[in-house]
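Novice: If you scroll down you'll find the structure; I have some questions about it.
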Amino acid sequence: MRKELIDKTLAICQSGDIPAAIALQKELAVLNDCSGIVYPISTVAGVDIAYDGNTAYAAAVVMDYASLDIIEKTSFIENVSFPYISGLLSFREFPAILNTMNNLKTRPDLLIFDGQGIAHPRKMGIAAHSGILLDIPSIGCAKSRLCGEYEPPGKNRFDFSILRNKGEDIGIVLRTRENTKPVFVSPGYKVPFGDLLEIIRHLTGSFRLPLPTHLADRMSKQIKGSANNSS
DNA sequence: GCGACAG
DNA sequence: ATCTTGTCGC
Numbered sequence: 185m186r187k188e189l190i191d192k193t194l195a196i197c198q199s200g201d202i203p204a205a206i207a208l209q210k211e212l213a214v215l216n217d218c219s220g221i222v223y224p225i226s227t228v229a230g231v232d233i234a235y236d237g238n239t240a241y242a243a244a245v246v247m248d249y250a251s252l253d254i255i256e257k258t259s260f261i262e263n264v265s266f267p268y269i270s271g272l273l274s275f276r277e278f279p280a281i282l283n284t285m286n287n288l289k290t291r292p293d294l295l296i297f298d299g300q301g302i303a304h305p306r307k308m309g310i311a312a313h314s315g316i317l318l319d320i321p322s323i324g325c326a327k328s329r330l331c332g333e334y335e336p337p338g339k340n341r342f343d344f345s346i347l348r349n350k351g352e353d354i355g356i357v358l359r360t361r362e363n364t365k366p367v368f369v370s371p372g373y374k375v376p377f378g379d380l381l382e383i384i385r386h387l388t389g390s391f392r393l394p395l396p397t398h399l400a401d402r403m404s405k406q407i408k409g410s411a412n413n414s415s
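In my numbering, the protein residues as written are 185 to 415.
Encoded structure:
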């Protein structure tokens, strides 16, 4: 089943068929399930991608959920074909994400993505889409808003407000550091709205982004940098 | 038509 | 995302 959805997604990534991409997002949104993550969570992975033109440098960092010790790191480099279009980010990034995940020896219990989960116009952001296809619980942690309304959260660390869209709670706007812009956290796949705060708080160190995402971001840029300096 | 718009 | 130096502040 996942295989079919993965193939359908990859076909669109290569064809660049925008109407088909939007149709698939609507189809996946109906299938999405944001409840029932299995506890305890043993491992968590952060995933992110750096770019040099159309070359994507994807990285995944797996950590022990309780100790936050790094268990494994991996990356994958490839050229991307789908352009960046607001609302269709997953069609630009999923291929590299899939390849990176296939390089992992560990199969994480939870994935944290740099982007939206269901806080998306069609409730199918990069975290939700990737989580469903990989069949791994996921959370979206974006650095800015895509849709929805909210009141600015308080100034202290971990102060937060609710991100709402058409009267529905779709995520939380969380201040992970004082004097710093908040992050937009939303359920991706199989992670209940009510569990978001606790999980992200646990994963937040001294940086704005949660540790898994922060490390994946730095690693992707490091890979990109070393690729440029050696060629 | 106008404004908004993840990475 | 990426282009980019110094600089203010924790």
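All C-beta atoms, glycine included, are put in the ideal place defined by N, C-alpha and C.
#1: Note down, in chain order, each residue of its chain lying with its Cβ closer than 8 Å to the Cβ of N349, except the 5 sequence neighbours on either side.
#2: Is the region 255-274 in contact with the region 220-239, if contact means three or more CB pairs nearer than 8 Å?
#3: Return the CA-CA distance between G351 and P376, expressed in angstroms with no decimal places.
#4: Tell me which residues share the same chain as T239 and place their Cβ nearer than 6 Å to its Cβ, disregarding the 5 neighbours each side in the sequence.
#5: Where K210 and R306 are concerned, what is the direct C-alpha to C-alpha distance, given to the nearest angstrom?
#6: Can you tell me where the alpha helix (DSSP H) with A475 in it begins and where it stops?
#7: State the start and end residues of the unbroken beta strand (DSSP E) segment that holds P371.
#8: Hey, could you find the ends of the beta strand (DSSP E) E262 is sitting in?
#9: Can you give me the C-alpha to C-alpha distance between N363 and G389, rounded to a whole angstrom?
#10: The alpha helix (DSSP H) spanning E382 covers which residue range?
Specialist: With the structure as the only source:
#1: So the list reads A303, C331, G332 and E333, once near-sequence residues are dropped.
#2: Short answer: they touch.
#3: The alpha-carbon atoms of G351 and P376 are separated by roughly 18 Å.
#4: Only N263 meet the Cβ criterion.
#5: Rounded to whole angstroms, K210 to R306 spans 6 Å at the Cα level.
#6: Residue 475 cannot be examined here, being either before or after the span of the chain that is shown, 185 to 415.
#7: Start and end: V367 to Y373.
#8: Following the DSSP letters along the chain, one finds E262 inside the beta strand (DSSP E) bounded by residues I254 to N263.
#9: Rounded to the nearest whole angstrom, the CA to CA distance from N363 to G389 is 15 Å.
#10: Residues L380 to L387.
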